[in-house]
Amino acid sequence: MFADQPPLSGPVTLEEAMARAIRYNLDHRLKMMEEALAQKQLDVANFDMLPRLTAAAGYTHRDHPLASESISLQTHQVSLEPSYSTDQNDRTADLTFSWNVLDFGVSYFEAKEQADRVLVVEQRRRKVVQLMMQQVREAYWQAAGAQRLENRIGPLLEQAKQALEDSRKSQQEGLRSPLDTLAYQHALLDIMRQLEAVRDLLDEAKPRLASLMNVAPGTDIVLAPPSGFSVPQFDMPMDGMEETALERRPELVEASYNERISINETHKAIAKLLPGIEFQLGSHYDSNSFLAYHAWRAAGINVSWNLLNLLNAKNIRGMANAQRDVAHAQQLALSMAVLTQVHVARAEFSAKQRQFDLFKQINDVDGQILQHTHNATVANAQGKLEEIRAATSAMMSELRLYQSYGELESAYGQLLATLGLDPLPADAGKGDLKSIEQSIDQEQTRWAQFGHADGAKTQ
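In terms of this note's numbering, the sequence shown has 100 at position 120, counting the first letter as 1, and numbering is strictly consecutive.
In C-alpha cells:
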C-alpha cells in the first residue's frame, strides 16, 4: 500500500501534498488501473477485426477398413463387392484463412465503442482528480491551522487547571462567596471543555491529509504553508464561465462519448440485419494412400442470412434509436445541471470570500483583546479567568480563520472543478513528484490568470 513511494523528506508544501495525492492516492490509482484495463480491452477489440487463420491437424485409426457396397437403383441388387478407399490410419492437416464481412463490420463498430469507453474512463479519472484536489486544499489548510495551534492548547489547559485548583482552595478557605466561586469554576470548566474539543478537532486534521496523500498512519507530517493568506480571486464574466463549463466538464464530455457509443450501437444493430459473406482460402493435406493428390489448395465464398432478423428489424432500429435519444436527453439534462452548478459555485466562492474577511477582522480584534487583557492581568487589574478566556477566544478565532481559509480554498477548487479546469495536464500525473509539483504550480498560475475578466480570451 505504501511501497514504491519516497518518504517525506521535509516540510510539505501545498504543491507537494497535491502531487503526492495525484501520484499515490489509492482512489486515483484505481482510476488509472481502470483506464489501463479499458485500453487493453480496446487492443483486444481491434484484434477481433482481423481475419481468422485456422490451423488444424488430425489422426484417425479404424480397427476395420471403411468398406462399403453399392445397390442398384433399378434392380435393388448389390452391384459391387464391398470396397474401401480410405486407409485405416489417416493423417490430415489444414491451414485455412477466412474472413467474414459481417463479423468484421460488427467488430469495427464494437472497437469504436470501446475506443470511446477508454475516453469515458479518462473523463472519470479527471473528475476524481479534480475532487481530490479540492479536498487536499481544504485538508491542508485545516492541518496547517492545527500545526500552528497545537502547541498553544497544552499551556492554556494547564493554566486553566491551575486556576481551577486555586479556586477550589480558596473555596475551602471561604475567601470568596460560594456563588461567585462556583460561577468562576463553571467558566473555567467550560473553557477547558472548549479546549479539549479543539484539541480533538486538531488531532483529526493531519490524519485526513495523510489519507489523501496516502502517507502511512501515524507519520509525523510537518507542513510548510505560505506565509500569510493569499486570497484567490476569480472575476470572469458569468457567460464565459458557462461556456467554459459546457466545453470542459468531464461529465459533459463523457456524455458526448456515451452518445457516440449509442450511435455506433445503432450502426452495429443495423449491420447485424445484413447477410454474412465469408471468404475462405486454405491449404490442405491428407495422407490417405488412395488419393491421387495428397496436398491441395482450395478457395470459396459462403453467403448466409438469418431471414428471421428481417421480422425484427423494426424493433431493433427502434431500440437503437431510443438508446440514442436517451443519451442525447441525458446530455441536455447534464448541461442544465452544470449551468446551475456554475452559478452555485460562483455564489459559494463569493460567500466564502466575505466570511474569510470577517473572520480575519475578528481574529485581529481578538488578538488585540488578548494583548490588553494580558497587560491588565500583569498589572493585577483583573483575574486570570479573563486572560484565559481571552487567550482561548483568540486561539479559537485563529483556528476558525484557518478553517475559513480552508473552506475558501475548497470553494475555489470547487469553482475550478465546476468549470472543468484540471489541476495539471493530462500526462503530467505519470511523472515523478518534482515534475508533478512543477506542473501543478504552472497550472495554478495559468488558471489564476484565466480567472480574470479577460480569461476567456487568454485560454
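Ideal Cβ placement from N, Cα and C applies to all residues, glycine included.
Between the options, which lies nearest to residue i when the distance is taken from Cα to Cα?
| i | options | result |
| --- | --- | --- |
| S48 | S65, Q54 and M113 | S65 |
| A275 | V283, H264 and N282 | H264 |
| F441 | L401, G154 and R105 | This structure cannot speak to residue 441, because the chain is shown only from -19 to 439. |
| L232 | G280, Q321 and F270 | Q321 |
| E102 | V116, A185 and A18 | A18 |
| Q68 | T224, P403, Y164 and D266 | D266 |
| S390 | Y273, R297, V211 and L182 | V211 |
| K20 | L53, R97 and V86 | R97 |
| G386 | Q341, L10, E145 and A185 | A185 |
| V108 | G393, V(-8), R426 and A37 | G393 |
| Y39 | D28, N343, L203 and A73 | A73 |
| F84 | Q142, S150, P255 and E(-4) | P255 |
| D7 | Q54, M112, L253 and E227 | M112 |
| V116 | A331, L319 and N5 | N5 |
| A36 | R71, V58 and L46 | R71 |
| E245 | V195, F270 and A302 | A302 |
| A313 | D344, V(-8), L226 and V81 | L226 |
| F27 | R148, Q422 and V86 | V86 |
| D23 | W285, K92 and D160 | K92 |
| D344 | W285, R369, S315 and E378 | E378 |
| F209 | Q122, L10 and H44 | Q122 |
| I241 | Y88, R42 and Q422 | Y88 |
| R286 | A317, E61 and L82 | Here residue 286 turns out to be Asn, not Arg, going by the sequence shown. Nearest of A317, E61 and L82 to N286, Cα basis: L82. |
| Q260 | T55, S150 and G280 | G280 |
| N194 | Q418, R9 and Q422 | R9 |
With residue i and residue j assumed to form a contact (beta carbons below 8 Å), what rounded beta-carbon distance in angstroms separates them?
| i | j | result |
| --- | --- | --- |
| Q94 | A25 | 4 Å |
| L192 | A119 | 6 Å |
| A307 | E239 | 4 Å |
| H352 | E367 | At roughly 10 Å, the Cβ-Cβ gap does not stay under 8 Å, so H352 and E367 are not in contact. |
| G347 | A374 | 6 Å |
| R188 | I133 | Incorrect: roughly 19 Å between the Cβ atoms, too far for contact. |
| L99 | T224 | Wrong, their Cβ atoms sit about 20 Å apart, outside the cutoff. |
| I416 | R3 | 6 Å |
| T372 | L162 | Their Cβ separation, rounded to whole angstroms, is 20 Å, which puts T372 and L162 out of contact at 8 Å. |
| Q110 | P403 | 7 Å |
| V(-8) | L182 | Their Cβ separation, rounded to whole angstroms, is 17 Å, which puts V(-8) and L182 out of contact at 8 Å. |
For residue i versus residue j, is the C-beta spacing smaller than 8 Å?
| i | j | result |
| --- | --- | --- |
| A300 | A251 | no |
| A235 | Q311 | yes |
| A1 | I420 | no |
| L395 | F336 | no |
| E258 | N282 | yes |
| L(-6) | P205 | yes |
| Q139 | A397 | no |
| Y164 | L350 | no |
| I243 | R297 | no |
| G262 | A278 | yes |
| R105 | M13 | no |
| A293 | L253 | yes |
| L413 | E(-4) | yes |
| Q424 | L388 | no |
| S52 | S63 | no |
For residue i, which beta-bridge partners are listed by DSSP?
| i | result |
| --- | --- |
| L203 | V(-8) |
| T34 | T76 |
| L261 | F77 and A279 |
| V58 | I51 |
| T40 | D70 |
| S63 | S48 |
| G298 | For G298, which the question treats as bridged, DSSP gives no partner whatsoever. |
| S284 | G256 |
| D266 | T72 |
- Item | Contact the stretch 129 to 137 vs the stretch 374 to 382: 3+ CB pairs below 8 Å | yes
- Query: Do the stretch 160 to 178 and the stretch 217 to 235 meet, that is, are 3 or more Cβ pairs less than 8 Å apart?
  - Reply: no
- Message: Does the structure place the stretch 198 to 212 close enough to the stretch -13 to -5 that three or more beta carbon pairs sit under 8 Å?
- Response: yes
- Item | Touching by the beta-carbon criterion (3+ pairs, under 8 Å), the stretch 28 to 43 and the stretch 69 to 82 | yes
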